[in-house]
Amino acid sequence: MAEETKSWVLVTGASSGFGVEFAKQYAAQGRSLILVARTLSKLESLAAELRQNFNVGVMVEQVDLSSIIEVTGLYQRLRERNIVVDVLINNAGHGLQGPFMDEPLEHSLAMVDLDISSLTAMTRLFGNDMRARKKGSILLVASLLSYQGVKNFAVYSAAKAYVLKFSDALHRELKADGVVVTALCPGLSDTGFAAGAKQKLTPALKMVMMQPRPVVRAGIRALQAGRMSVVPGFGNKAITILTWATPRWLHQSIMAAVMGV
């Protein structure tokens, strides 16, 4: 089948964690995939596995998603090849645990570049094409921390709050244009994020930790159902309800204790 006649699923951050699981679950549906991340060797290994196991088309794009120039270049390359991205999974993200004032400024700004600027640019570029076609789906991966400011996760929780509110607004803005926008708000999951973020794993966090498979499954189902957002896991839902039902000083104190900070 010629590339221009296919409908593609584009997954950012596809070299690890949720990104790998999104790729596997969409491949199991028989969908053609565009895998995007910085680490080419991991992308190529995953692509080979998906082609062999699911007999689907897979493209690999090595991109530093923290660079808007590279994000724009990715979009232009795909557009020149008449690649139609029907589903965009904005999964790439980065977090760090620690006092804001103790972190080098460049580390915090790099988080903003990837978690906010890149996600916004990807959504604008590919979402505009979806709007023109009157068809498309965009999943934005936020976080359970998007519901409140969390001590020692100041920039990350603020960035994910942006993602959630951005997604909520676009869900309504683009609905009439045939484009679904959904936010996935996972809690702590066994993706390697905690190690990368240098996050302390308390006993309470270990109790609510989820595996990537059910989290991703919940995200895909919510997107296909046209939902505004989804929080996977009973424990995570309970925390969200607690946030809504209690004053900020209380639920932030509880969350700080849960997070071990």
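Under this note's numbering, think of the first position of the sequence shown as 29, with each following residue one higher. Yeah, the Cβ is synthetic: ideal placement off N, Cα and C, and Gly gets one too.
I need the boundaries of the beta strand (DSSP E) containing residue i, first residue and last residue.
i, result
"glutamine 90", "86-90"
"isoleucine 111", "Per DSSP, isoleucine 111 belongs to no beta strand (DSSP E) and is neither H nor E."
"isoleucine 166", "164-169"
Can you tell me which of the options puts its alpha carbon nearest to the alpha carbon of residue i?
i, options, result
"leucine 116", "Glu72, Tyr54, Ala284, Ile267", "Tyr54"
"leucine 38", "Lys203, Gly164, Met237", "Gly164"
"arginine 59", "Asn81, Ala65, Leu68, Gly177", "Asn81"
"aspartate 143", "Leu124, Thr67, Ala246, Arg109", "Leu124"
"aspartate 157", "Ile269, Tyr103, Lys34, Gly126", "Tyr103"
"arginine 109", "Lys34, Ala273, Arg276", "Lys34"
Thinking residue i and residue j are a contact (beta carbons under 8 Å), I'd like their distance in whole angstroms, please.
i, j, result
"valine 99", "leucine 93", "6 Å"
"alanine 51", "leucine 74", "6 Å"
"tryptophan 36", "valine 112", "6 Å"
"serine 195", "leucine 168", "4 Å"
"valine 259", "phenylalanine 46", "Their Cβ separation, rounded to whole angstroms, is 15 Å, which puts valine 259 and phenylalanine 46 out of contact at 8 Å."
"methionine 238", "glycine 261", "5 Å"
"isoleucine 267", "leucine 172", "6 Å"
"leucine 71", "serine 43", "5 Å"
By DSSP, does residue i sit in helix, in strand, or in coil?
i, result
"alanine 225", "Per-residue confidence for alanine 225 stands at a pLDDT of 47, beneath the threshold of 50, marking its modelled position as unreliable; the derived number appears in the next sentence. Alanine 225 falls in the coil class under three-state DSSP."
"isoleucine 62", "strand"
"isoleucine 117", "strand"
"alanine 30", "Any reading at alanine 30 needs caution, since the residue's pLDDT is 46, under 50, leaving its predicted position unreliable; the model's value is listed next. Coil."
"valine 178", "coil"
"valine 259", "coil"
"serine 195", "helix"
"alanine 330", "No information on residue 330 is available, as it lies outside the stretch 29 to 289 that the chain covers here."
"alanine 290", "Residue 290 lies beyond the stretch modelled for the chain, which goes from 29 to 289, so this question has no answer here."
"threonine 268", "helix"
"leucine 216", "coil"
"serine 281", "helix"
"serine 185", "helix"
Looking at residue i: is its Cβ nearer than 9 Å to the Cβ of residue j?
i, j, result
"leucine 192", "serine 257", "yes"
"histidine 122", "methionine 150", "no"
"valine 48", "proline 214", "no"
"leucine 212", "alanine 182", "no"
"alanine 186", "leucine 147", "no"
"leucine 175", "alanine 197", "Strictly speaking, residue 175 in this sequence is tyrosine, with leucine absent from that position. Contact flag unset, no."
"valine 208", "isoleucine 166", "yes"
"leucine 202", "glycine 254", "no"
"alanine 65", "valine 91", "yes"
"threonine 40", "asparagine 118", "yes"
"alanine 284", "lysine 179", "yes"
From what residue to what residue does the alpha helix (DSSP H) around residue i run?
i, result
"serine 69", "68-82"
"threonine 274", "Taken as a continuous stretch (DSSP letters only), threonine 274 belongs to no alpha helix (DSSP H), as it is neither H nor E."
"serine 158", "The sequence given here places methionine at residue 158; serine does not occur at that position. It spans 147-161 - the alpha helix (DSSP H) in which methionine 158 sits, taken as one unbroken run."
"isoleucine 299", "Since the first residue shown for the chain is 29 and the last is 289, residue 299 is missing from the structure and cannot be characterised."
"histidine 122", "Unbroken run through histidine 122: none, as it is neither H nor E."
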